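K.L.:
Structure provided below as structure tokens; questions to follow.
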Amino acid sequence: MVLPLYSLNTLRLGYSIVSCTFASTAKIFVAGDLKPSHISLQNHLLHRSITSKISADRHNFTVAYLINSCGLSPEGAISSSKWVELQSSQGADSVLALLSKHGLSETQISKVVSSRPAILVADPEKTLLPKLEFFSSVVVSREDFARILCFNPHLLSRSLENHIIPAYNFLRSLISEENVVAVLKRSSWIFLENRRKNVVPNIELLRELGMPQSCIASSQH
């Protein structure tokens, strides 16, 4: 028996629909059987649980170290732990030893760490030592240097080549080396400021107003 053309087309269309429906049903069944979303959720929860435990352990270690090795109060240690996380005591021990070697007492070290907790994770040899040696060479007295650093530990967060030395040379162009030390003792903020943006324009203004260089120099300390 010969079927009309439109009947063949209808038959093909019906077969295609059935085939597609069956294939879709098969795919849904297989995907549902594997339950990938359920597995993914389990892995996510497990990973989050492990991560939370590790973070809690590191936080507790950091707080204990700040109390036992740095002399901070429990309240101070909890507050400072928001800004630093220690993986171990090795690097922090080296930082404390370096500060002690350069004349800081335990009380002064405690103040430095309290003001600048991130100093504990700084590289003692590459980052801190060159700055400590520079300031030690500028300030004659180890006691004065310890007091300066205790008063403004943020000095150690500035780049030696890009900030500290240029600031020192700028001051030396205005005042004597002795007076630079006086500036460090009384107002070391100038080593933290952007001198081109804040200091130089003020000095230029004083010069335009006719202030003698000797008065400008005295205003820096």
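Here the sequence shown is numbered in the numbering used here, starting from -9 and rising by one per residue. Using N, Cα and C, we set each Cβ at its ideal position, and we do this for glycine too. Here the structure is a predicted model, which means the values were calculated and not measured.
How would you call L139, buried or exposed, if buried means at least 16 neighbouring beta carbons within 10 angstroms?
P.N.:
For the purposes of this step, residue 139 is taken as residue 149 along the sequence shown, with counting starting at 1. Classification for L139: buried.
K.L.:
Secondary structure at E75, three-state DSSP: helix, strand or coil?
P.N.:
Taking the sequence shown and counting its residues from 1, the one referred to as residue 75 is at position 85. In the structure shown, E75 sits in coil (DSSP, three-state: anything other than H, G, I, E or B).
K.L.:
With distances taken Cα to Cα, identify the nearest neighbour of V103 among I165, L89 and A172.
P.N.:
Numbered from 1 along the sequence shown, position 113 holds the residue referred to as residue 103. Comparing Cα-Cα distances from V103 to each of I165, L89 and A172, the minimum goes to L89.
K.L.:
Just checking my contact of D113 with K175 at CB under 8 Å: how many whole Å lie between their CB atoms?
P.N.:
Counted from its first residue, the sequence shown places residue 113 at position 123. Counted from its first residue, the sequence shown places residue 175 at position 185. So it is not a contact: roughly 28 Å between Cβ atoms.
K.L.:
Assuming the contact rule is C-beta atoms closer than 8 Å, A109 and L146 should be a hit. Round their C-beta distance to whole Å, please.
P.N.:
The sequence position of residue 109 within the sequence shown is 119, counting from 1. The sequence position of residue 146 within the sequence shown is 156, counting from 1. The question names Ala, but residue 109 in the sequence shown is Ile. Rounded, the Cβ-Cβ distance is 6 Å, consistent with contact.
K.L.:
At which residues does the alpha helix (DSSP H) containing I68 begin and terminate?
P.N.:
For the purposes of this step, residue 68 is taken as residue 78 along the sequence shown, with counting starting at 1. Per DSSP, I68 belongs to the alpha helix (DSSP H) from P64 to S70.
K.L.:
Could you tell me the alpha carbon to alpha carbon distance between H37 and I68, rounded to whole angstroms?
P.N.:
Position 47 of the sequence shown, counted from the first residue, corresponds to residue 37. Position 78 of the sequence shown, counted from the first residue, corresponds to residue 68. The predicted position of H37 is uncertain, since its pLDDT is 43 and thus under 50; a value taken from the coordinates is nonetheless stated next. Those two C-alpha atoms are separated by around 26 Å.
K.L.:
Kindly list the residues whose CB is nearer than 8 Å to the CB of S71, restricted to its own chain and excluding five residues on each side of it in sequence; keep chain order.
P.N.:
Here the question's residue 71 lines up with position 81 in the sequence shown. Contacts found: H49, T52, V53, L56 and P107.
K.L.:
Count the other C-beta atoms from every protein chain shown that fall within 10 angstroms of the C-beta of N127, then say buried if there are 16 or more, exposed otherwise.
P.N.:
The count along the sequence shown starts at 1 and reaches residue 127 at position 137. At residue 127 the sequence reads Ser, which differs from the Asn that was named. Answer is exposed; the Cβ neighbour count stays below 16.
K.L.:
List, from N- to C-terminal side, the alpha helix (DSSP H) runs of 4 residues or more that fit wholly inside the region 117 to 190.
P.N.:
119 to 128, 132 to 141, 155 to 162 and 167 to 177, all fully within the region 117 to 190.
K.L.:
What does a CB cutoff of less than 7 Å around Q98 pick up in its chain, not counting 5 residues either side in sequence?
P.N.:
Counted from its first residue, the sequence shown places residue 98 at position 108. Correct list, in chain order: A136 and C140.
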